[in-house]
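Novice: What follows is a single structure, and I will ask about it in a moment.
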Amino acid sequence: MRILYLHQHYSGPAGATATRSHAMARALLAAGHQVTIACGQYAGAVTGLDGAMRQGRREGVVQGIRLVEFAIPCGNHQGFSGRTLAFGRFAAAAARLALAEPWDLVIASSTPLTVVVPALLARRLRGTPFVYEIRDPWPELPRAMGAAPPLALAAMEPLASAACRQAAGVVALSEGMAETALARGADPARVAVVPNGCDLDLFGPQVAPWRPEGVAPWEVLAVYAGAHGRANGLDQLLDAAEILQFRGEHRIRLLLVGEGGEKPRLRQAAAERGLNNLSFLDSLPKRRLAALLSGAQVGLQCLAPVPEFAEWTAPNKLMDYLAAGLPVVANLPGRAARLLAGGPQACGLPTPPGDAAALADALVWMADNPHRRAEMGLAGRAQAVRRWDRRLLAGDFVRAVEAAAGAASPAGAWAAA
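One point on numbering: in the numbering used here, the residue at position 323 of the sequence shown is 1454, and numbering is uninterrupted.
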């Protein structure tokens, strides 16, 4: 098949952001399909293309994948209006591409939800079937967070329902996300759950450890690696650091790695509060991040205390921690808490959402129990190998895409056009 994979936030392995779509595209290539990925320029992403932009785009072939990169910057540092404009521009550019060539299938990977617009147009005008990949359920999640105005949420409703009902297949990253698709009328027979997985070659005990300058050799290093946005609720980590400092606990250092709209405010707040046990780093390329996690003792999973996050999120960073063999301290109930408790042995400590004191207590426990901490890390790596190997999950993704293409009516409308 000739497959067009629409993912505005795509990054190749050299970037500092998630590489799921790269891995899925490589698996589709290995299965004999031709894959074109269309993307924008997401903050921290690296596509691997370095040629000049011509008429707002550039393209080339990287690791067998044809990449079409549009000159549309986007990132968490932008405000709502800036991101909305970038979403609309990408939808328009991707729609032209979706209608310009004879695709057998389109994969629309959301967020943002507007990525389904080109897929819906290609289905309507060319008869091209599409797969809707749900990374975050929109508008459900923005509504729960209060992160979008009512008018924008209302506009998302018919678009999300059309995507779920008209897709030849829906791939959701969690069971909770799949339930939102079913509630919108998706055919249960066409809904598959393919979670985020672990890159066991990139992260793991085989990686030489690295610790940044300023981190003492004797400190228990707890790393948060991810976006610094409203949804991440990172004030809780500052609160936990302040509690530890007030108690006179000097063994533990929190390190926040990444970028986002909240980062300047968080840095200023940490300085004003005199948090000497908390540091910041810019986003790191994945290989450098793997070395950092290899040199750390704890992985931190933090989200804002929004009840819907319990089942509607599938954080990449959690998979990276498990692959690296790090025990995890998390403030999420639901899916993440079950994952940390799963298997023959726990691989982390879940704490209640919004409870900074509990986070601090969990970090002290990690410092007090180095042997048990190491056992949890080994259990996490074992669970990563047993359940979350991304190569195996990529095979599930390929089967879901092929099943959707087989279930759809042939895209003969193109030939007749």
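C-beta atoms are modelled at their ideal positions from N, C-alpha and C, and glycine is treated no differently.
Because the structure is a prediction, the values reported are computed rather than measured.
Express the C-alpha separation of Leu1420 and Lys1448 in angstroms, rounding to a whole number.
Specialist: As a first step, residue 1448 must be located in the sequence shown, where it is residue number 317. As a first step, residue 1420 must be located in the sequence shown, where it is residue number 289. Their Cα atoms are separated by approximately 11 Å.
Novice: In chain order, what are the residue ranges of uninterrupted alpha helix (DSSP H) at least 4 long that sit wholly in the region 1379-1442?
Specialist: 1394-1403, 1417-1425
Novice: Need the endpoints of the alpha helix (DSSP H) that Pro1273 sits in, please.
Specialist: Numbered from 1 along the sequence shown, position 142 holds the residue referred to as residue 1273. Run containing Pro1273: 1271-1276, per the alpha helix (DSSP H) assignment.
Novice: Should the region 1333-1342 be called in touch with the region 1368-1375, which here means at least 3 C-beta pairs below 8 Å?
Specialist: no
Novice: Give a yes or no on whether the C-beta atoms belonging to His1359 and Gly1389 are separated by under 7 Å.
Specialist: The sequence position of residue 1359 within the sequence shown is 228, counting from 1. The sequence position of residue 1389 within the sequence shown is 258, counting from 1. Taking 7 Å as the cut-off, the Cβ atoms of His1359 and Gly1389 count as close.
Novice: Would you identify the three-state DSSP class for Ala1320, choosing helix, strand or coil?
Specialist: One-based indexing of the sequence shown puts residue 1320 at position 189. Of the three classes helix, strand and coil, the one that applies to Ala1320 here is helix, per DSSP.
Novice: Take Ile1374 and list the residues in its own chain whose beta-carbon comes closer than 7 Å to its own, dropping the five residues that flank it on each side.
Specialist: The residue labelled residue 1374 in the question sits at position 243 within the sequence shown. These residues qualify, in order along the chain: Ala1487, Ala1488, Ala1491.
Novice: If you draw a straight line from the alpha carbon of Asn1408 to that of Leu1494, how long is it in whole angstroms?
Specialist: The residue you call residue 1408 lines up with position 277 of the sequence shown. The residue you call residue 1494 lines up with position 363 of the sequence shown. Asn1408 and Leu1494: Cα-Cα distance of roughly 13 Å.
Novice: With a threshold of 7 Å on Cβ separation, who are the neighbours of Ala1546 within its own chain once the five nearest residues in sequence on each side are excluded?
Specialist: The residue you call residue 1546 lines up with position 415 of the sequence shown. With a pLDDT of only 31 at Ala1546, under 50, the local geometry of the prediction cannot be trusted, and the value read off the model is given with reservation. Counting only Cβ-Cβ distances below 7 Å, and skipping sequence neighbours, we find nothing.
Novice: By DSSP, does Arg1342 sit in helix, in strand, or in coil?
Specialist: Taking the sequence shown and counting its residues from 1, the one referred to as residue 1342 is at position 211. Residue state, collapsed to three classes: coil.
Novice: Go through the region 1209-1278 residue by residue and report every complete run of the alpha helix (DSSP H) that reaches 4 residues or more, in order.
Specialist: 1211-1231, 1247-1257, 1271-1276
Novice: Give me the DSSP bridge partner(s) of Gln1165.
Specialist: Translated into the one-based positions of the sequence shown, residue 1165 becomes position 34. Answer by DSSP bridge pairing, in chain order: Arg1133.
Novice: Any chance you could list the beta strand (DSSP E) runs of at least 3 consecutive residues sitting entirely within the region 1463-1540, in chain order?
Specialist: 1479-1481
Novice: Starting from the C-beta of Ala1426, find all residues in its chain whose C-beta is less than 6 Å away, skip the five residues before and the five after it, and write them out in chain order.
Specialist: For the purposes of this step, residue 1426 is taken as residue 295 along the sequence shown, with counting starting at 1. According to the sequence displayed, residue 1426 carries Gly and not Ala. Cβ within range, chain order: Pro1340, Trp1341, Arg1342.
Novice: Beta-carbon within less than 7 Å of Arg1214's beta-carbon, same chain only, minus the 5 sequence neighbours each way: which residues are those?
Specialist: In the sequence shown, residue 1214 corresponds to position 83, counting from 1. Within the same chain, Arg1214 has close Cβ partners Cys1205.
Novice: Could you check what DSSP says for Ala1546 in three-state terms: helix, strand or coil?
Specialist: Taking the sequence shown and counting its residues from 1, one reaches residue 1546 at position 415. Its pLDDT being 31, under 50, Ala1546 is placed unreliably in this model, and the value from its coordinates should be taken loosely. Helix.
Novice: Helix, strand or coil for Ala1202 per DSSP?
Specialist: Within the sequence shown, the letter at position 71 stands for residue 1202. Ala1202 falls in the strand class under three-state DSSP.
Novice: Based on Cα-Cα distance, which residue from Gly1277, Cys1295, Ala1286, Asp1235 lies nearest to Glu1264?
Specialist: To locate residue 1264, count along the sequence shown from 1; it is residue 133. Among Gly1277, Cys1295, Ala1286, Asp1235, the Cα nearest to that of Glu1264 is on Cys1295.
Novice: How far does the beta strand (DSSP E) with Arg1185 in it reach, from first residue to last?
Specialist: Working through the sequence shown from its first residue, we reach residue 1185 at position 54. First-last for Arg1185: undefined, no H or E at that position.
Novice: By the DSSP assignment, the beta strand (DSSP E) with Gly1300 in it spans what residues?
Specialist: Within the sequence shown, residue 1300 is the residue found at index 169, counting from 1. Unbroken beta strand (DSSP E) run through Gly1300: 1300-1303.
Novice: Ordered along the chain, which non-local residues of its own chain (more than five positions away) have a Cβ less than 6 Å from that of Lys1153?
Specialist: As a first step, residue 1153 must be located in the sequence shown, where it is residue number 22. It is His, not Lys, that sits at residue 1153 in the sequence shown. The answer, listed in chain order, is Gly1143.
Novice: Could you tell me the alpha carbon to alpha carbon distance between Ala1320 and Asp1527, rounded to whole angstroms?
Specialist: By one-based count along the sequence shown, residue 1320 stands at place 189. By one-based count along the sequence shown, residue 1527 stands at place 396. The straight-line gap from Cα to Cα measures roughly 15 Å.
Novice: Looking at the unbroken alpha helix (DSSP H) that takes in Ala1314, where does it start and where does it end?
Specialist: On the sequence shown, residue 1314 is found 183 positions in, with the first residue counted as 1. Segment 1306-1314, the alpha helix (DSSP H) holding Ala1314.
Novice: Leu1282: buried (16+ other C-beta within 10 angstroms of its C-beta) or exposed?
Specialist: As a first step, residue 1282 must be located in the sequence shown, where it is residue number 151. Under this definition Leu1282 is an exposed residue.
Novice: For Ile1374, which beta-bridge partners are listed by DSSP?
Specialist: Residue 1374 sits at position 243 when you count from the first residue of the sequence shown. According to DSSP, which records beta bridges pairwise, Ile1374 is partnered with nothing at all.
Novice: Among Ala1461, Gly1474, Tyr1141, Asn1207, which one has its Cα closest to the Cα of Pro1483?
Specialist: Position 352 of the sequence shown holds residue 1483. Considering only alpha carbons, the answer is Ala1461.
Novice: Taking the CB atoms as reference points, tell me whether Leu1160 and Gly1191 lie closer together than 7 Å.
Specialist: Position 29 of the sequence shown holds residue 1160. Position 60 of the sequence shown holds residue 1191. Contact flag unset, no.
Novice: Per DSSP, what kind of secondary structure is Glu1190 in: helix, strand or coil?
Specialist: Here residue 1190 corresponds to residue number 59 of the sequence shown, with the count starting at 1. Looking at Glu1190 - three-state DSSP - the assignment turns out to be strand.
Novice: Taking the alpha carbon of Ser1240 as the point to measure from, which residue in Ala1291, Ala1202, Met1276 has its own alpha carbon closest?
Specialist: To locate residue 1240, count along the sequence shown from 1; it is residue 109. Checked all of Ala1291, Ala1202, Met1276; the closest Cα to Ser1240 is Ala1291.
Novice: Is the beta carbon of Phe1079 sitting closer than 7 Å to the one on Ala1275?
Specialist: Residue 1079 lies beyond the range of the chain shown here (1132 to 1548); nothing can be said about it.
Novice: Can you tell me whether DSSP reads Tyr1452 as helix, strand or coil?
Specialist: Numbered from its first residue, the sequence shown carries residue 1452 at position 321. In this structure, Tyr1452 counts as helix in the three-state DSSP scheme.
Novice: Can you tell me whether Asn1500 is buried or exposed, with buried defined as 16 or more other CB within 10 angstroms of its CB?
Specialist: Translated into the one-based positions of the sequence shown, residue 1500 becomes position 369. Exposed is the call here.
Novice: With distances taken between CB atoms, is the gap from Arg1384 to Val1346 smaller than 7 Å?
Specialist: Translated into positions along the sequence shown, residue 1384 becomes position 253. Translated into positions along the sequence shown, residue 1346 becomes position 215. Cβ atoms of Arg1384 and Val1346: closer than 7 Å.
Novice: Please report how far the alpha carbon of Ala1548 lies from the alpha carbon of Thr1259, in whole angstroms.
Specialist: Within the sequence shown, the letter at position 417 stands for residue 1548. Within the sequence shown, the letter at position 128 stands for residue 1259. Confidence at Ala1548 is low in this model, with a pLDDT of 28, below 50, so the placement of that residue should be treated as unreliable; the coordinate-derived value is given next. Going from the Cα of Ala1548 to the Cα of Thr1259 covers about 12 Å.
Novice: Determine the contact status of Val1166 and Tyr1141, defining contact as a CB-CB distance below 7 Å.
Specialist: By one-based count along the sequence shown, residue 1166 stands at place 35. By one-based count along the sequence shown, residue 1141 stands at place 10. No.
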